[in-house]
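Residue numbers (UniProt numbering): 1 to 251.
Contents: one structure, followed by commentary.
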């Protein structure tokens, strides 16, 4: 009598959960890099060390790498969540959390840096991008990866080929294409950064390229931080500034 081993069924939701978990590590790695970047900024702010983060190509490259990791994950998440049966109410709840966090960042930075407060940083960008993905849901998610790559690269390089002073005022510089960088503590305009989101979507749409990310065994700390990225994003800088401020007062 032949005996057949019965394999436990792998449901679509189970596979989807595993795929969503696979990006927690990447997001957590970006969180750790961001905390390090901001800790160095804060040490400079309190004159413990001297760093030229704004003028140094190395520091600017590091900052752009961190933002790129975050936005790649945004693109991946847009695709993966589009394949789930997520309730519209849950989607809007998450969006309001991100938009509310962006407002808190603007208010908090206005208190600390009134002349260079954050009015369109990474959270503002993510909130806008999620709205755009909702509007263009059927068009974005179902495009071939090569199309997403080409459009993503076009978005990324477009500000290098076209700039105009018309986009310099604060009410338009969130689009990009400025001839000068605005004086703000965080600036993530729609162009070129929309390109990084589209590249993340292309990555998620290509199983062969996405499989290695799923196979990575991230440290538990990375995954823990990645699952709580919004909370950590909001709290890490006030905590760092508070701790260093207290220590600075004891010097």
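Backbone N, C-alpha and C define an ideal beta-carbon position, used for all residues, glycine too.
* Residue nearest to residue 65 in terms of C-alpha spacing, selected from 97, 122, 202 -> Locating residue 65 in the chain shown gives position 65, counting from the first residue. Considering only alpha carbons, the answer is 122.
* Is residue 233 buried or exposed, if buried means 16 or more other CB atoms sit within 10 Å of its CB? -> Residue mapping note: residue 233 aligns to position 233 of the chain shown, counting from 1. Its Cβ being crowded by 16 or more others within 10 Å, residue 233 is buried.
* Using CA coordinates, which residue listed in 78, 190, 83 is at the minimum distance from residue 124? -> Your numbering for residue 124 matches position 124 in the chain shown. Per the Cα distances, 190.
* Asked: Within 10 angstroms of its Cβ, does residue 176 collect 16 or more other Cβ (buried), or is it exposed?
  -> In the chain shown, counting from the first residue as 1, residue 176 sits at position 176. Label assigned to residue 176: buried.
* Asked: With a Cβ-Cβ cutoff of 9 angstroms, do residue 78 and residue 204 count as a contact?
  -> Along the chain shown, one-based indexing puts residue 78 at 78. Along the chain shown, one-based indexing puts residue 204 at 204. A contact, by the Cβ cut-off of 9 angstroms.
* With 16 other Cβ atoms within 10 Å as the buried cut-off, status of residue 96 -> Residue 96 sits at position 96 when you count from the first residue of the chain shown. Exposed, by the Cβ-count rule.
* Pairwise C-alpha distance: residue 246 and residue 39 -> Here residue 39 is taken as the residue at index 39 of the chain shown, counted from 1. Here residue 246 is taken as the residue at index 246 of the chain shown, counted from 1. If you take the alpha carbons of residue 39 and residue 246, they lie about 15 angstroms apart.
* Would you mind stating whether residue 173 and residue 162 have Cβ atoms separated by less than 9 angstroms? => For the purposes of this step, residue 173 is identified with residue 173 of the chain shown, where counting begins at 1. For the purposes of this step, residue 162 is identified with residue 162 of the chain shown, where counting begins at 1. Not closer than 9 angstroms, so no.
* Neighbour-count burial assignment, residue 238, 16 or more Cβ in a 10 Å radius -> On the chain shown, residue 238 is found 238 positions in, with the first residue counted as 1. Counting of Cβ neighbours within 10 angstroms places residue 238 among the exposed residues, the total staying below 16.
* How many angstroms separate the CA atom of residue 153 from the CA atom of residue 131? -> As a working mapping, residue 153 is identified with position 153 in the chain shown. As a working mapping, residue 131 is identified with position 131 in the chain shown. For residue 153 and residue 131, the distance between alpha carbons rounds to 21 angstroms.
* To do: Would you check if the distance between the CB atom of residue 248 and the CB atom of residue 91 is smaller than 9 angstroms?
  => Counting from one through the chain shown, the residue named residue 248 turns up at place 248. Counting from one through the chain shown, the residue named residue 91 turns up at place 91. Annotated as distal: residue 248 and residue 91, with beta-carbon spacing of 9 angstroms or more.
* Nearest to residue 240 by CA position, among 24, 26, 45, is which residue? -> As a working mapping, residue 240 is identified with position 240 in the chain shown. Here the closest residue by C-alpha is 45.
* Express the C-alpha separation of residue 22 and residue 212 in angstroms, rounding to a whole number. => The residue given as residue 212 occupies position 212 in the chain shown. The residue given as residue 22 occupies position 22 in the chain shown. Pairing residue 212 with residue 22, the inter-Cα distance amounts to about 10 angstroms.
* How would you call residue 179, buried or exposed, if buried means at least 16 neighbouring beta carbons within 10 angstroms? -> Within the chain shown, residue 179 is the residue found at index 179, counting from 1. Exposed.
* Cα-Cα separation between residue 58 and residue 87, rounded to whole angstroms -> Within the chain shown, numbered from 1, the residue matching residue 58 stands at position 58. Within the chain shown, numbered from 1, the residue matching residue 87 stands at position 87. Those two C-alpha atoms are separated by around 43 angstroms.
* Check the C-beta distance from residue 128 over to residue 73 and give it rounded, since I have them as a contact under 8 angstroms. => What you label residue 128 is simply residue 128 of the chain shown in a count that begins at 1. What you label residue 73 is simply residue 73 of the chain shown in a count that begins at 1. At roughly 16 angstroms, the Cβ-Cβ gap does not stay under 8 angstroms, so residue 128 and residue 73 are not in contact.
* Can you tell me the Cα-Cα spacing of residue 244 and residue 235, whole angstroms? -> Counting from one through the chain shown, the residue named residue 244 turns up at place 244. Counting from one through the chain shown, the residue named residue 235 turns up at place 235. Taking the straight line joining both Cα atoms gives about 14 angstroms.
* Just confirm the distance between the C-beta atoms of residue 113 and residue 185, as a whole number of angstroms; I'd bet it's less than 8 angstroms. => Within the chain shown, the letter at position 113 stands for residue 113. Within the chain shown, the letter at position 185 stands for residue 185. Indeed, because the Cβ distance is near 5 angstroms, the residues count as touching under 8 angstroms.
* Asked: residue 116: beta carbon under 8 angstroms from a heavy atom of the ligand SAM?
  -> This structure does not include the ligand SAM; it has no bound ligands of any sort.
* Asked: To the nearest angstrom, how far is it from the Cα of residue 201 to the Cα of residue 76?
  -> Here the question's residue 201 lines up with position 201 in the chain shown. Here the question's residue 76 lines up with position 76 in the chain shown. It is roughly 5 angstroms from the alpha-carbon of residue 201 to the alpha-carbon of residue 76.
* Asked: DSSP three-state call for residue 177: helix, strand or coil?
  -> Looking up residue 177 in the chain shown gives position 177. DSSP places residue 177 in coil when its eight states are reduced to three.
* Going along the chain, which residues of its own chain have a beta-carbon closer than 8 angstroms to the beta-carbon of residue 167, five neighbours each way excluded? -> The residue labelled residue 167 in the question sits at position 167 within the chain shown. Taken in chain order, the residues that qualify are 173, 175, 176, 177, 178, 179.
* Asked: What residues in its chain sit with their C-beta under 7 angstroms from that of residue 10, if we drop five residues either side in the sequence?
  -> Taking the first residue of the chain shown as 1, we reach residue 10 at position 10. With a pLDDT of only 43 at residue 10, under the threshold of 50, the placement of this residue in the model should not be trusted; the figure read from the coordinates follows. Nothing listed; no residue qualifies.
* **Ranges of the alpha helix (DSSP H) found wholly within the stretch 21-80, counting only runs of at least 4** => List check, alpha helix (DSSP H) in window: 24-45.
* Paired residues, beta bridge with residue 187 - DSSP -> Here residue 187 refers to the residue found at position 187 when the chain shown is read from its first residue. As a beta-bridge residue in DSSP terms, residue 187 pairs with 120.
* To do: Could you tell me the distance, in whole angstroms, from the CA atom of residue 8 to the CA atom of residue 198?
  => As a position in the chain shown, residue 8 is number 8, starting the count at 1. As a position in the chain shown, residue 198 is number 198, starting the count at 1. Summary for residue 8: the model assigns pLDDT 39, below 50, so the residue's position carries little reliability, and this model does not support an answer.
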